[in-house]
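All remarks here apply to the structure that follows.
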Amino acid sequence: MAEAQSIDMKGRTCLVTGASGGIGKECAVALATMGATVVGVGRDPQRSEQALNEIRLRSGNGAVEMLRGDFAQLADVRRIAAEFRDRHARLHVLVNNAGTVYGRHELTLQGVEKTFAVNHLGYFLLTRELLPLLQASAPARVVSVASMANYRGSLDVADLAHRKGWNVGTAYARSKLCNVLFTKELARRIDGTGVTANCLHPGVVATDIWGRSFLSRVYGWIVRFKMITPAQGADTMTWLASDPSVAHVSGEYFDTRTVRKPNKVAEDRGLALALWEASERLVAAPAESSGAGPG
Ligand SMILES: NC(=O)c1ccc[n+]([C@@H]2O[C@H](COP(=O)([O-])OP(=O)(O)OC[C@H]3O[C@@H](n4cnc5c(N)ncnc54)[C@H](OP(=O)(O)O)[C@@H]3O)[C@@H](O)[C@H]2O)c1
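Residue numbers (the numbering used here): 1298 to 1592.
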């Protein structure tokens, strides 16, 4: 685990998405234990309320809040960013962590596949909305939770509805490849601003994500012997969010606190740019009202 006691995060404000459970909650506990002001984001009201109480209790830090919203809805992502900006003048660490799998092929109002929407567009839009505040608060960090599933991922930017070859696994792997492509492109764009961007694989972690579809339940049962606890799974993200040794590292993919080469596709600048531009178009569209989007 990150040496929560030895790093002083007093005076730092951290936003952690997916803090109502799993590794996001453990990361929130660790950062709050280091003295940071922690704002979590959850979706489910009951889990969010329980997590808020638990994070305060376990960290002994009262400076913890929870915002709520569904990252499948771009309007919710914008509202969460606005609520954060209304309450806080500074943001030093943004941890993009909220992620999921969907058991059925579903589209959002923008016409994109839902796993891609939550796991990639959610990260993209929240970061875009909060980047000016991160830059004004520099030194600051963006930490995005990807997965080793990025190695299995492929991306066709012309098919963000994922009509070709969709299954639970291909959709998840694509979204996690997008987390790495996004981190690499973000790091290039913010180079020199005092804000870093890194991503990571947390390990194979015993969390609720394995129960969110039939296939992931089966796969989770197969890999159950490899599973680590949520607290262990939160280690690399908490370390990237707080450790002085990585204050100037940017654009990297980590596993167990070590830089790793991601999927070769993630190094394709042309693809990263195409994803960035498609994401810009999707979040810019007055989309909450229409089903129109890329085919
Ligand atoms: N567990 C693993 O083995 C593993 C491996 C590699 C990568 N990861 C990544 O780790 C991250 C966290 O996953 P976890 O394992 O901790 O899973 P988890 O226990 O299922 O937690 C997921 C968190 O994301 C939130 N979330 C899910 N869908 C959301 C949505 N549509 N809108 C807003 N929030 C949403 C959940 O909120 P509610 O509970 O309130 O709905 C919860 O707080 C994900 O990005 C996942 O891809 C996990």
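Glycine residues also receive a C-beta, built at the ideal position from the N, C-alpha and C atoms.
Is any non-hydrogen atom of ligand 1 found closer than 8 angstroms to the C-beta of Ala1443, if you look at the structure I gave you?
Yes; taking the cut-off as 8 angstroms, the Cβ of Ala1443 has a heavy atom of ligand 1 nearer than that.
Thinking C-alpha only, which one of Trp1573, Met1445, Pro1559, His1459 is nearest His1402?
It is His1459 whose Cα lies nearest to the Cα of His1402.
What ranges does the alpha helix (DSSP H) occupy inside the stretch 1327-1381, keeping only unbroken runs of at least 4 residues that lie completely in it?
DSSP runs (the alpha helix (DSSP H)) wholly in the stretch 1327-1381: 1342-1356.
Consult DSSP for Asn1393 and reduce its assignment to one of helix, strand or coil.
Three-state DSSP puts Asn1393 in a strand.
Using the Cα positions of Gly1590 and Ser1472, report the straight-line distance between them to the nearest angstrom.
At Gly1590 the pLDDT is 35, less than 50, meaning the model places this residue with poor confidence; the figure from the coordinates comes in the next sentence. The straight-line gap from Cα to Cα measures roughly 18 angstroms.
Go ahead and label Gln1407 buried or exposed: buried means 16 or more other beta carbons lie within 10 angstroms of its beta carbon, across all protein chains shown.
Result: buried.
With DSSP as the reference, label His1417 as helix, strand or coil.
Reduced to three states, the DSSP call for His1417 is helix.
To the nearest angstrom, how far is the alpha carbon of Arg1340 from that of Thr1526?
Each residue's Cα considered, the two are about 22 angstroms apart.
Go ahead and label Ala1372 buried or exposed: buried means 16 or more other beta carbons lie within 10 angstroms of its beta carbon, across all protein chains shown.
Result: exposed.
Could you check whether the Cβ of Phe1413 sits closer than 8 angstroms to any heavy atom belonging to ligand 1?
For ligand 1, not one heavy atom lies less than 8 angstroms from the Cβ of Phe1413.
Taking the alpha helix (DSSP H) that Arg1401 belongs to, which residues open and close that run?
Where Arg1401 is concerned, there is no enclosing alpha helix (DSSP H), given that its DSSP letter is neither H nor E.
Answer with buried or exposed for His1545, where buried requires no fewer than 16 other C-beta atoms within 10 angstroms of its C-beta.
Under this definition His1545 is an exposed residue.
Gly1489 to Leu1431, Cα distance in whole Å?
Between Gly1489 and Leu1431, the C-alpha separation is close to 13 angstroms.
To the nearest angstrom, how far is the alpha carbon of Thr1330 from that of Asp1505?
Roughly 24 angstroms between the two C-alpha positions.
I'd like to know whether the C-beta atoms of Val1338 and Val1313 end up nearer to each other than 9 angstroms.
Against a cut-off of 9 angstroms, the Cβ pair of Val1313 and Val1338 comes out as a contact.
Is Arg1509 helix, strand or coil when you go by DSSP?
If DSSP states are grouped into helix, strand and coil, Arg1509 belongs with coil.
Going along the chain, which residues of its own chain have a beta-carbon closer than 6 angstroms to the beta-carbon of Ala1437, five neighbours each way excluded?
Taken in chain order, the residues that qualify are His1389, Leu1431, Val1492.
With respect to the beta strand (DSSP E) encompassing Tyr1550, which residues constitute its N-terminal and C-terminal limits?
Run containing Tyr1550: 1550-1552, per the beta strand (DSSP E) assignment.
Starting from the C-beta of Arg1309, find all residues in its chain whose C-beta is less than 6 angstroms away, skip the five residues before and the five after it, and write them out in chain order.
Excluding positions up to five away in sequence, the list reads Ala1333, His1389.
Bridge partners of Arg1438, per DSSP?
DSSP lists Val1390, Thr1493 as partners of Arg1438.
Tell me the DSSP secondary structure of Val1556 in three-state form.
Three-state result, Val1556: strand.
Taking the alpha-carbon of Leu1328 as reference, which of Gln1347, Ser1345, Arg1353 has the nearest alpha-carbon?
Answer by Cα proximity: Arg1353.
Using CA atoms only, rank isn't needed, just tell me which of Arg1375, Arg1387, Lys1322 is closest to Lys1307.
Selected option, being the one with the closest Cα: Arg1387.
Would Asn1394 be called buried (16 or more neighbouring beta carbons within 10 Å of its own) or exposed?
Result: buried.
For the beta strand (DSSP E) that Thr1314 lies in, which residues bound it at each end?
Segment 1310-1314, the beta strand (DSSP E) holding Thr1314.
Taking 6 angstroms as the limit between beta carbons, can you name the residues of its chain near Ala1325, skipping five residues before and five after?
Answer for Ala1325: Val1313, Ala1316, Val1335, Gly1337, Ile1352, listed in chain order.
On the three-pair Cβ rule with 8 angstroms, is the stretch 1475-1485 touching the stretch 1531-1544?
No: the two stretches stay apart, fewer than three of their Cβ pairs being nearer than 8 angstroms.
Mind listing, in chain order, the continuous alpha helix (DSSP H) runs of no fewer than 4 residues lying wholly within the stretch 1443-1499?
Entirely contained in the stretch 1443-1499, the alpha helix (DSSP H) runs reaching 4 residues are, in chain order, 1465-1487.
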